[in-house]
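Residues 72 to 229 in this note's numbering are what the sequence shown lists, from first letter to last.
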Amino acid sequence: MFKSVLMIEKALTSADVEFVTTLHGDEQVAFHILLQPRGDQADRLLRAIDDIALGELDEAAHERDTPEGKDAAALGQQALEVSLAALRAAGGAAEGRLIEDHPLDALKALVAEVGADEVIVLTDPHYVEEFFHRDWASRARHKVGVPVLKLFSHSKAQ
Numbered sequence: 072m073f074k075s076v077l078m079i080e081k082a083l084t085s086a087d088v089e090f091v092t093t094l095h096g097d098e099q100v101a102f103h104i105l106l107q108p109r110g111d112q113a114d115r116l117l118r119a120i121d122d123i124a125l126g127e128l129d130e131a132a133h134e135r136d137t138p139e140g141k142d143a144a145a146l147g148q149q150a151l152e153v154s155l156a157a158l159r160a161a162g163g164a165a166e167g168r169l170i171e172d173h174p175l176d177a178l179k180a181l182v183a184e185v186g187a188d189e190v191i192v193l194t195d196p197h198y199v200e201e202f203f204h205r206d207w208a209s210r211a212r213h214k215v216g217v218p219v220l221k222l223f224s225h226s227k228a229q
């Protein structure tokens, strides 16, 4: 069975699930999800810049309302459960966990633990981090020892 580690920051949408579950054709894939809620990743200014770059001015103005800390963890756990259920419903094997600190260390450890064949980073665009190659995918390529595929979420999770 092909093993894929999937790094996400919010619940997978149906389009995201369809995309990742069909990437390898008929080959069976076991997904291992790592989810770090958006509020625990970057500071508000960087998130607001990303929102503005995407033309989402209303979201930029409300970045201060993005849950952080324990509130982000509770929403993250819910997003993780929704994502796992969606992957399983699509016929994939799936397990997952939340990341609280040091996402790349957690990624490297999980890749080694499960013997992953690839890493898929599936997030909204993060223009500032991407420009400076400080986004998860860019940094992971130097750490994990397996191919890293960077994908953008297809649509907003509802």
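By construction, the Cβ of each residue, glycine as well, lies at the ideal position given by its N, Cα and C atoms. Fair warning: this is a prediction, and the values are worked out from it, not measured in the lab.
Can you tell me where the alpha helix (DSSP H) with SER85 in it begins and where it stops? Counting from one through the sequence shown, the residue named residue 85 turns up at place 14. Run containing SER85: 85-93, per the alpha helix (DSSP H) assignment.
Between the alpha carbons of LYS250 and ALA101, how many angstroms are there, rounded? There is simply no residue 250 to check, as the chain begins at 72 and stops at 229 in what is shown.
To test your reading of the DSSP string, which unbroken alpha helix (DSSP H) runs of 4 or more residues are found completely within the segment 144-199? 174-185
Just verifying my parser: in three-state terms, what is the DSSP assignment at ALA101? Reading the sequence shown from its first residue, position 30 is the one you call residue 101. Note: ALA101 maps to strand in three-state DSSP.
Anticipated Cβ contact below 8 Å, VAL76 with VAL153, distance rounded: The residue labelled residue 76 in the question sits at position 5 within the sequence shown. The residue labelled residue 153 in the question sits at position 82 within the sequence shown. Contact flag wrong, Cβ pair sits at about 18 Å.
Between LYS74 and PRO218, what straight-line distance do the alpha-carbon atoms span, to the nearest angstrom? Residue numbering aside, residue 74 sits at position 3 when the sequence shown is read from its first letter. Residue numbering aside, residue 218 sits at position 147 when the sequence shown is read from its first letter. Those two C-alpha atoms are separated by around 12 Å.
Take LEU178 as the anchor and find which of ARG159, GLN148, VAL215 has the nearest alpha-carbon. One-based indexing of the sequence shown puts residue 178 at position 107. Comparing Cα-Cα distances from LEU178 to each of ARG159, GLN148, VAL215, the minimum goes to VAL215.
Nearest to GLU247 by alpha carbon, out of TRP207, GLU189, GLY163? Given that the chain is displayed from residue 72 to residue 229, the structure contains no residue 247 and the question cannot be resolved.
Which residues does DSSP list as the beta-bridge partners of SER75? Locating residue 75 in the sequence shown gives position 4, where the first residue counts as 1. Answer is PHE102, GLU189, bridged to SER75.
In its own chain, which residues sit with a C-beta less than 6 Å from the C-beta of VAL192, not counting the 5 before and 5 after it? Within the sequence shown, the letter at position 121 stands for residue 192. Contacts found: MET78, TRP207, ALA208, LYS221.
CA nearest to the CA of GLN230, picked from HIS95, GLY186, GLU189, LEU83: There is no way to answer for residue 230, as the model of the chain reaches only from 72 to 229.
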